[in-house]
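J.: By the working numbering, the letter at position 100 of the sequence shown is numbered 100, and the numbering carries on one by one without gaps.
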Amino acid sequence: MPELDFDPEYLRRLIVKMRVVTGGEATQMAETLEEAAGDVWHLNVNRKNGDPLNQELEEEIGALDLDHKLELVALMWLGRGDFGADEWDEALALADERRGAPTAQYLLAHPQVADEIASGLDALGFSHIMEDGEY
Numbered sequence: 001m002p003e004l005d006f007d008p009e010y011l012r013r014l015i016v017k018m019r020v021v022t023g024g025e026a027t028q029m030a031e032t033l034e035e036a037a038g039d040v041w042h043l044n045v046n047r048k049n050g051d052p053l054n055q056e057l058e059e060e061i062g063a064l065d066l067d068h069k070l071e072l073v074a075l076m077w078l079g080r081g082d083f084g085a086d087e088w089d090e091a092l093a094l095a096d097e098r099r100g101a102p103t104a105q106y107l108l109a110h111p112q113v114a115d116e117i118a119s120g121l122d123a124l125g126f127s128h129i130m131e132d133g134e135y
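What follows is the structure, given as structure tokens:
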């Protein structure tokens, strides 16, 4: 099982924010993620460019170090089935090779990004992160 550089609690909060920004179902997670997400689940509406929460999330992702950005992209690809768990290193290498556009804009252009990242975590054996915030 690969090791991720992300703090699991931070990654959990980031996925919740992505669900809110992309119009996902963060409201269903309110009970288990109350401490992780603060009041963010109350904002479960479709977000558009120019929205303050969208801009905040873009800035937050943009401020991540390169390794974290590559992991997010690779997790999304893994979650949507572009790679298998045994191809994690290849997914990371391709994410590095293809970086060009801002990572946040690339990720948030995919409406299912939060669910795909969560599915990527599941494929790597980290599905419990969304419940307990630990590896």
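Every residue, glycine too, gets a C-beta built ideally from N, C-alpha and C.
Whole angstroms is fine: what's the gap from Y106's alpha carbon to A118's?
T.: What you label residue 106 is simply residue 106 of the sequence shown in a count that begins at 1. What you label residue 118 is simply residue 118 of the sequence shown in a count that begins at 1. So the two alpha carbons sit approximately 17 angstroms from each other.
J.: Quick one: using the 10 Å Cβ neighbour count with 16 as the cut-off for buried, is R19 buried or exposed?
T.: Taking the first residue of the sequence shown as position 1, residue 19 is located at position 19. R19 comes out buried.
J.: A123 and G79 - do their beta-carbons sit closer together than 8 angstroms?
T.: Mapped onto the sequence shown, residue 79 falls at position 79. Mapped onto the sequence shown, residue 123 falls at position 123. In this structure, A123 lies closer than 8 angstroms to G79 by Cβ.
J.: I'd like to know whether the C-beta of V113 is nearer than 8 angstroms to at least one C-beta of chain D.
T.: Judged by its chain identifiers, the structure shown contains no chain D, having just a single protein chain.
J.: Can you say whether E35 is buried or exposed, counting buried as having 16 or more other CB atoms within 10 angstroms of its CB?
T.: In the sequence shown, the residue the question calls residue 35 occupies position 35. Because E35 sits at a pLDDT of 45, beneath the cut-off of 50, its placement in the model cannot be relied upon, and the point is left open.
J.: Do E60 and D5 come within 8 angstroms of each other at the CB atom, strictly closer than that value?
T.: For this step, residue 5 is matched to residue 5 along the sequence shown. For this step, residue 60 is matched to residue 60 along the sequence shown. Cβ atoms of D5 and E60: not closer than 8 angstroms.
J.: So the alpha helix (DSSP H) Q105 belongs to, where does it begin and stop?
T.: The residue given as residue 105 occupies position 105 in the sequence shown. Looking at the DSSP string, the run of the alpha helix (DSSP H) that includes Q105 is 103-108.
J.: In chain order, what residues of the same chain have a beta carbon less than 7 angstroms from the beta carbon of D132, not counting five sequence neighbours either side?
T.: Here residue 132 refers to the residue found at position 132 when the sequence shown is read from its first residue. Counting only Cβ-Cβ distances below 7 angstroms, and skipping sequence neighbours, we find nothing.
J.: Distance, Cα to Cα, I15 vs H128?
T.: Counting from one through the sequence shown, the residue named residue 15 turns up at place 15. Counting from one through the sequence shown, the residue named residue 128 turns up at place 128. When rounded, the distance between both Cα atoms is 13 angstroms.
J.: Taking the alpha helix (DSSP H) that D115 belongs to, which residues open and close that run?
T.: To locate residue 115, count along the sequence shown from 1; it is residue 115. 113-123 is the extent of the alpha helix (DSSP H) around D115.
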